[in-house]
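Presented below is the structure to which this report refers.
2 protein chains.
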Amino acid sequence: MATIYEVAALAGVSPATVSRVFNGNTVSEEKQRLVRDAAQQLGFTPNKTARRLRKQSSEIICLLVPDIENPFFTALARGVEDRAQESGFSVVLCNTDDDPAKELRYLQIAASEHMAGVILSPASDEVDLGAIASLGRPVVAVDRTTPYPVDAVKIDNRAAGIAATTALVDAGFRRIACIAGPAGIEETEDRYLGWKQVVTARKTLVRDGFLQHANFRVDGGRAAMNTLLGLVQPPDAVVTTNNLMAIGALQALHEAGIDPEDFGVAVLGELPYLLPPPSSVVQVRLPARHLGRTAASMLLERIGGDTQPLRTVVLRAEIARPPLPL
Amino acid sequence: MATIYEVAALAGVSPATVSRVFNGNTVSEEKQRLVRDAAQQLGFTPNKTARRLRKQSSEIICLLVPDIENPFFTALARGVEDRAQESGFSVVLCNTDDDPAKELRYLQIAASEHMAGVILSPASDEVDLGAIASLGRPVVAVDRTTPYPVDAVKIDNRAAGIAATTALVDAGFRRIACIAGPAGIEETEDRYLGWKQVVTARKTLVRDGFLQHANFRVDGGRAAMNTLLGLVQPPDAVVTTNNLMAIGALQALHEAGIDPEDFGVAVLGELPYLLPPPSSVVQVRLPARHLGRTAASMLLERIGGDTQPLRTVVLRAEIARPPLPL
DNA sequence: GTGCTTGACGAAATCGATTTCTTGCACTTT
DNA sequence: AAAGTGCAAGAAATCGATTTCGTCAAGCAC
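Residue numbers (this note's numbering), protein chains in the order written: chain H, 105 to 430; chain S, 105 to 430.
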């Protein structure tokens, strides 16, 4: 790896001049040429580490998600990466497994690695953004929000809940339950509030126990569905507030021998169907990739020095109509 | 962010001593205590960038995959990340989209970022590992191999092909076709050779056109399947050599109105079934996560200075029996 | 007691770029 | 013609750690 000194020596100029050539400062035509030729000849690439030490910042952004194996976050990551790439930034991806300790560890790494900024989907409300905040590094919350004063990109969860529930009502279902995420998380609250709003407005039947809270995973969805099916007067349809729980719910229905066409299932998120899903399944497509792309754009703006007031961008989800090739 | 100098000043020692305390060198009990107390008090974290500049290496490993949205690579990435984490390494994830130019760009970044090593699933045989190689950074090829002399972890593709095909024969199918990946890629060659071996040994019927080459994507699988179904004497089963093509094939079957129970489909890889798949679908489970974990382990050994001869680890795939929750 | 080894630890060099000072030269301006 | 202005470009400081080198003192052998 050639250094700036070797280039300088070969070109017969000072290292400072070489640096200036590569950073757009005033250098005469002739020396520019000399330097570029020399750099070319030596295959010179500026040492990012040295530059980072001096500039106190890098072109790396850190993305913290609960679990990259969830297709929602995969798509989100892809969006972030694509956008970052366009601006010459790289993305470091970290799984927090929704574990605040892991999350904290990664945030510290991000700080001590001089990463340019952080995009995260907070594991809990108690994220400690202290370390990065004190460094003045920008942070964007994605999908979920935090009490800290940072930019955020989220989905209009209430609207998504409304869309999902409305679709079920329109399809003729009249006893619609809801499998929501863990109580106390804003994101999931909004989603089931959407459900509540519709079932109230449309005066469908709601029994005690129609609202189930579960963890965000497959097993949680399955358990919740089994509980619902065990009610004295069970529902005839259900709204599940994320993709994994919907899978669990569908599995429970299958195990109970219920024909999928007879039981309405609306999902906030997409299911990895290979083939067109049963007509009773409604998917509200969450714009995951877009979410990532938007978050990356906002972060890059901040990194670029943008100081406008805090923003929260809310993206609207839409009902997925066509079958979904993976 | 406190620096080593501030810690030194507070502790009343030289910066060198502070460094020694944190790097396990000989320092007297007493000064150790002084330094640790001071560091504690200031919330000192060593600046990774400065360290990296001096040591000419970092604790970051670079993972290059074609597309993180393919669940196979997602699982692989997860394996890499988990293993890296255990050793205090971070992972930078990059999508190459099977584009050699993108791949090269990332490899150069890896070099100029002083990343500790690279794990990659090469986009083509012409990967240029020159830049990293010249830096002496270790590289591990994963899933696919390269002509370069680097460690590799792969799947026993021939055995996987054999297992898949055998399962179909055992299930009673007698006209088994194969949808293979692009011609000329070692990985896919091995897979269809497994198919060939079995159909030959078991003397099943093989017609012209029973071997189809396709790109590795859903559309490729669908097109190939349509071609197969259009043959004068079409097959009654098919082996597809990756997950995405299998999805395309299943879609084509569905569109052709063929009952999935009547047509055997064996897949090298896993399909994102929500519910138990039709009994005629055979999945050969590729140990993606393990692949990643193993690759990371090998890379970390090399990073640690291991100089044993080049290794290629071959992992065996197995037939998936139980239904697969996502 | 002199000479030699050994270990703790400070001073200073080093990694490779960026950036601030400075210098020197060309060109105006009065 | 002297003084002022501007600009290209070199010298040197800087970022924050690690590491070499050298010093000093204690411990030990003869």
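Heads up, the beta-carbon is just placed ideally off N, CA and C, and yes, glycines get one too.
Quantities reported herein were computed from a predicted structural model and do not represent experimental measurements.
- DSSP links residue 258 of chain H through a beta bridge to H/418.
- Annotation for residue 221 of chain H: no alpha helix (DSSP H) segment contains it, though the beta strand (DSSP E) segment containing it runs 221-224.
- Neighbours of residue 105 of chain S in chain H, taken as residues at a C-beta separation under 7 Å, are given in chain order as 239.
- Between the C-alpha atoms of residue 172 of chain S and residue 373 of chain H there is a straight-line separation of about 19 Å.
- By the Cβ rule, the stretch 231-244 of chain S does not count as touching the stretch 192-199 of chain S, because fewer than three pairs are nearer than 8 Å.
- Annotation: Cβ neighbours of residue 178 of chain H in chain S (cutoff 7 Å, chain order): 172, 173 and 178.
- Our two residues, residue 136 of chain H and residue 129 of chain H, have alpha carbons roughly 10 Å apart in a direct line.
- Considering only S/398, S/378, S/127 and S/268, the residue with the shortest C-alpha distance to residue 347 of chain H is S/378.
- Look at residue 407 of chain H here: in three-state DSSP terms it is helix.
- Below 8 Å, enough C-beta pairs join the stretch 232-251 of chain H and the stretch 214-221 of chain H to call them touching: three or more.
- In summary, the residues of the stretch 156-171 of chain H whose CB is separated from some CB of chain S by less than 7 Å are 156 and 157, in the order they occur in the chain.
- Residue 179 of chain H counts as buried, since no fewer than 16 other beta carbons sit within 10 angstroms of its beta carbon.
- Using a Cβ distance threshold of 8 Å, residue 262 of chain S and residue 226 of chain S do not count as a contacting pair.
- Contacts with chain S (Cβ-Cβ distance below 9 Å) from the stretch 127-157 of chain H involve 147, 149, 150, 151, 152, 153, 154, 156 and 157, listed in chain order.
- Fully contained in the stretch 188-246 of chain S are the following alpha helix (DSSP H) runs of length 4 or more, in chain order: 204-216 and 234-239.
- Residue 368 of chain H has H/341 as its beta-bridge partners, per DSSP.
- Per the Cβ contact rule, the stretch 307-325 of chain H is in contact with the stretch 335-347 of chain H (3 or more Cβ pairs under 8 Å).
- Within its own chain, the residues whose Cβ lies closer than 6 Å to the Cβ of residue 117 of chain S, once the five positions on either side in sequence are excluded, are 135, listed in chain order.
- For residue 376 of chain H, the nearest CB of chain S lies under 8 Å from its own CB, placing it at the interface with that chain.
- By the criterion of at least three beta-carbon pairs nearer than 8 Å, the stretch 201-211 of chain S is not in contact with the stretch 181-189 of chain S.
- With the rule of 3 Cβ pairs closer than 8 Å, the stretch 394-402 of chain S does not count as touching the stretch 349-358 of chain S.
- Collapsing the DSSP output to three states places residue 316 of chain H in a strand.
- Counting only residues of its own chain and dropping the five nearest sequence neighbours on each side, residue 382 of chain S has a CB closer than 6 Å to the CB of 364 and 365.
- For residue 406 of chain H, the number of other beta carbons within 10 angstroms of its own is at least 16, and it is reported as buried.
- Looking at the backbone, the Cα of residue 271 of chain H and that of residue 175 of chain S are separated by about 30 Å.
- If the five residues before and after residue 122 of chain H are omitted, its C-beta is found closer than 6 Å to the C-beta atoms of 108, 111, 112 and 139, all from its own chain and listed in chain order.
- Collapsing the DSSP output to three states places residue 306 of chain S in coil.
- Of the other Cβ atoms in all chains shown, fewer than 16 fall within 10 Å of the Cβ of residue 309 of chain S; this residue is therefore exposed.
- For residue 169 of chain H, DSSP records a beta bridge to H/199.
- Between the alpha carbons of residue 385 of chain S and residue 339 of chain S lies a distance of about 15 Å.
- Around the C-beta of residue 158 of chain H, fewer than 16 other C-beta atoms lie within 10 Å, and the residue is accordingly described as exposed.
- Under a criterion of Cβ atoms nearer than 9 Å, the residues of chain S adjacent to residue 185 of chain H are, in order, 172, 197, 198 and 199.
- Ranked by Cα distance from residue 253 of chain S, the options S/416, S/362, S/421 and S/368 are led by S/416.
- Just so you know, the alpha carbons of residue 114 of chain S and residue 149 of chain S end up roughly 15 Å apart.
- In this structure, residue 267 of chain S lies away from residue 143 of chain S, with their beta-carbon atoms at least 8 Å apart.
- Cα atoms of residue 301 of chain H and residue 349 of chain H: separation of roughly 21 Å, rounded to the nearest angstrom.
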